[in-house]
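Chains as they are written, first to last, in this note's numbering: chain F, 2 to 331; chain A, 399 to 645; chain D, 950 to 1263. For glycine and all other residues, C-beta sits at the position ideal for the given N, C-alpha and C. A short worksheet on the structure shown next.
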Amino acid sequence: MIEAALGKKRPLTDREIWIMAGLILLLPFVLPYKSLAAEILIYALGAVSFNILLGFTGMLSFGHGALFGTGAYMTGLLLIHLGWHPLVTLLCSCFIGAATALVIGFFSIRQVGIYFVMLTLAFNQLAFFIVYQWKGLTGGDDGLLYVPRPDLLIFPGVEIPIHTNLQFFFFVWVVFVLCIAVIRRILDSPFGRILMAVKENPDRARAIGYKIQHFKLAAFVISGFFTGLAGGLYALFMKMVPITAVELFTSTDFIIMSLLGGLGSLYGPIIGAVVVKVASEILSEIWARWLFALGLTFIVFVLFMRGGIWGLLSMAVEKFKAGSGSEERQ
Amino acid sequence: MILRTEHLTKHFGGLTAVNEVNLRVEEGQIHSVIGPNGAGKTTLFNMLTGEIPVSDGEIYFHEKKITGFQPHQIARARIGRSFQQTTLFTNLTVLENVRLAEHAHYSGHFSVMRHFLSFTRPVEKAWQVLEELDITDIATKKAGELPHGQQRTLEVALALAADPVLLLLDEPTSGMSPEDSVKMIRLLRKLGNRLTMVVIEHNMNLVMSISAVITVLHQGMVIASGNPSEIEKDEAVRKAYLGGHAK
Amino acid sequence: MSTPVPHLSIIALPLLRGRKGGSVPAGLVLMQLLNGLVVGMIYVLVTMGLTIVFGMLNVINFAHGAFCALGAYFAFSVATLIGSWSGSFWVAVLIAPLVIGLVGAVIEVSLLRRMYDVVHEYQILLTFGVMLVIQELIIMIWGPIGKSVPMPSQLVGVIDLGVFAFPIYRIFLIIFIALVCFGVWLLIEKTSYGAIIRAGIDNRDMVNCLGIDIYKAFTIVFAFGVSLAGLGGVLVLPMRGAQPLMGDTILLLAFVVLVIGGMGSFAGAILGGLLVGVVESMMILVWPQGSMISIFAAMALVILIRPRGLLGYR
């Protein structure tokens, strides 16, 4: 009876993950530019990690540019100056992202609403400032140039090239699917449920015994871990790190993708990333002012459809199931 | 004495909401706190459970000072609380609500990993709570979709998740229909057999029939304290309440 | 937002070009102080609108800066329409805020009204979307390149203050905005409308119960707050011209002022605005790239140590 009430627990990878992975695999073949596919996945990863904070824990962070950017610079610098294995540099990006999130979170977590926003924004400005000033290290305004993209050494003698757009896409795809599976596991766990409770009713969560500051900080750090990874992948993707990686706009990009795709759902921001990136690449050729339409859509979604595109799809699927169910009964 | 407050006071700017309240709650009792609106009852509770800071005075639980404890520390000390305004996790089901509450108490302080594993033991305990409150039939309904009476019952269930020895209930029957109120009174009596309860209420039937001790607050101060028949006859209490209660 | 130096502060830089190396002369310091006052007054004006809206409606308006930009562009159109800028400047100063206020009223009624009891996060998201739309609209109507107008003829030239010469327009700005602030203060403290606003800040439901249509009051307050931003844009136009994204930095800094001064506090907007303006201008003298970051650092400090701001009470 209890099990029936709870529903089954999901393993790390199951049919759902493979379907998503399969759909994503189609990307480079349906888009006009193969490189766009990898870029979408990178931003999607960033948006999904951002959504852990906004959609699941209710924290609107304007500081994710800092996390993304430090991850990017970390991988870029390690590749340029130390020539480390890309996977190692990516791991370092994860940790610098988590560490930066720890610092930002430590100061910001106690605040809510606009204060939290402004504080995270201030930290983003700080990161931008440091990158801008420390020209010798980061290249400042010009960006960090000539980031190599070496082949991946898997076993001695076995090297996997990630040189072409398609090869690089497959590499990102593997990393992406793995990350999504792990994030899904985290959100499915009691931890994820507690985050949702904190989002919905922090006072009550506190009253039933949760130290919500700890959970918020943990969510921040986890978000930082994956955002840093996305940044590292970005450095490999661009073979450079532009200063825009650490700018406010990156934060707002994630916000838009998460909302359009669907707050509070794991896969929503992925859809959001696809939509926004495709619109910005393709739509912008047709109509330079496509942001206008995006802004209007954004407003409509905030007012009426916070579940985003994913929410709409879910509702459609529900209606479809209900409809076909009643047909069967007849 | 399981719960004792000494000169407990709360100022909000120029307003004194709670004034030198000395509460005495014996173990195993059902102790009611009544008083006209604005008497400071909920503010008193909020201080007891750490929702707001104390301006002056001390709170002792099992003779240990708990003044200034944070809400989660209060919960861990096995004091459960329900709220006057229903504050549930509306998007989670009834079972998920209680499970979440159970999980908070579940194991040790530093066992971080338990958050990433499963919910199994808390689920069993949560189910027991639902059974005790006789709401297992709505276990899979979303809390936001429940009728008011069942939501109030879920409120009490969340308070029970702390496996409390002391239960603080703020107007458990608020807004309930007469039938639901009767069920709640029966439930409170059942709970009163195994725990100590402090109940804020306006429902005089409830108060008179289940309380061992009644404390009356008026404008932040205790104006009377005693058993139901003493309170019934108290002049100060009658004056404070313009309307009487059913005799 | 791509530069570390705030949008308005660059008004000071050209005046520094003649500077030789070495220590900063006293005259320069005094002039920058005055510049700081000018910039600060703009912030005061813009933030005042923000703080009134937050104080009464408890709404965070991320589109506030975009209304500034809209005001500037609208004034530009008035100038182009009427012809000679000098007369049209005064017309613009009068009309632009009204038009912006109207736009604000429309937005409030159609969109914002549904957001009053929703958490700040969603208000920020909504008004962020509005900001995007307004900015794109500006580009669609007026094009992506910035616009500029000549200084109104009555206010051209500099006044000799002994130690240095200072543009008359900027002196006018200080005085004009001070008068506007005084007017707003009168309105809020001395009139019955103001009393309603003050009561609404304290207790929205109570005002409703008194039979006053609180929702109409909200619309008017929002329109008023937004028109102040528009006025700010008009006043900036002769100094700095208008660019589609000019609202971005102004928005950021307005929020910084809001936090430092105290959200919902009228006096806080004044104190905070002047403080930020002066700090910004003084930093330009000493360390230009550090100006933005020092302002944000100051704000961060305020949030961490005294969250309700210097003069706030929430």
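Within the same chain, and ignoring the five residues on either side of residue 161/F in sequence, the residues whose Cβ sits closer than 7 Å to its Cβ are 152, 153 and 155. Around residue 485/A, the beta-carbon contacts reaching into chain F at under 9 Å are 202, 204, 205 and 208. A residue is called buried when at least 16 other Cβ atoms come within 10 angstroms of its Cβ; residue 285/F does not meet this threshold and is exposed. Contact between residue 302/F and residue 261/F is confirmed by a C-beta separation of about 6 Å, below the 8 Å threshold.
Per DSSP, the beta bridge partners of residue 458/A are 402/A and 463/A.
Collapsing the DSSP output to three states places residue 984/D in a helix. Around the C-beta of residue 126/F, 16 or more other C-beta atoms lie within 10 Å, and the residue is accordingly described as buried. Rounded to whole angstroms, the separation of the alpha carbons of residue 193/F and residue 58/F is 9 Å. Chain-ordered listing is empty here: chain F has no CB closer than 9 Å to the CB of residue 476/A, the nearest sitting near 10 Å.
The alpha carbon of residue 314/F has as its nearest neighbour, out of 272/F, 252/F, 168/F and 111/F, the alpha carbon of 272/F. Residue 564/A: member of the beta strand (DSSP E) spanning 564–568, first to last residue. The alpha helix (DSSP H) runs of length 4 or more contained entirely in the segment 190–217 of chain F are, from start to end of the chain, 191–201 and 203–208.
For residue 1109/D, there is no enclosing alpha helix (DSSP H); the enclosing beta strand (DSSP E) has its first and last residue at 1107–1109.
In the displayed model, residue 536/A falls within a helix according to three-state DSSP. For the C-beta of residue 479/A, the chain F residues within less than 7 Å are, from N- to C-terminus, 208. When Cβ-Cβ separations below 9 Å define contact, residue 112/F makes contact with chain D. Interface with chain F (9 Å Cβ-Cβ cutoff): residue 1249/D is included. Bounds of the beta strand (DSSP E) holding residue 612/A are 611–616. At a C-beta separation below 7 Å, residue 212/F has these neighbours in chain A: 470. Across the structure, residue 1052/D and residue 1204/D are spaced so that their CA atoms are roughly 21 Å apart. With fewer than 16 other Cβ atoms from the protein chains shown falling within 10 Å of its own Cβ, residue 158/F counts as exposed. Using beta-carbon distances, residue 220/F does not count as an interface residue toward chain D, since no partner is under 9 Å.
Between residue 64/F and residue 227/F, the C-beta gap is not smaller than 9 Å, which leaves the two residues out of contact. Per the Cβ contact rule, the segment 553–565 of chain A is in contact with the segment 519–531 of chain A (3 or more Cβ pairs under 8 Å). Assignment of residue 487/A by DSSP, reduced to helix, strand and coil, places it in the coil class. Under the Cβ criterion of 9 Å, residue 185/F is not counted among the residues facing chain A. A distance below 9 Å separates the beta carbons of residue 985/D and residue 1223/D. Between the segment 1157–1171 of chain D and the segment 1053–1070 of chain D, the count of C-beta pairs closer than 8 Å reaches three or more; the two stretches touch. Within 8 Å of the CB of residue 409/A, no CB atom of chain F is found; the nearest one sits about 22 Å away. In this structure, the CA atom of residue 119/F is about 15 Å from the CA atom of residue 55/F. Straight through space, the alpha carbons of residue 94/F and residue 179/F are spaced by roughly 16 Å.
Neighbourhood of residue 195/F in chain A, by CB distance below 9 Å: 498, 501, 502 and 513, in chain order.
A direct Cα-Cα distance of roughly 13 Å separates residue 283/F from residue 31/F. By the neighbour-count criterion, in which a residue is buried when 16 or more other Cβ atoms sit within 10 angstroms of its Cβ, residue 182/F is buried. The three-state reading of DSSP puts residue 161/F in strand, counting E and B together. By the Cβ neighbour-count rule, residue 1158/D is exposed, with fewer than 16 other Cβ atoms within 10 Å of its own.
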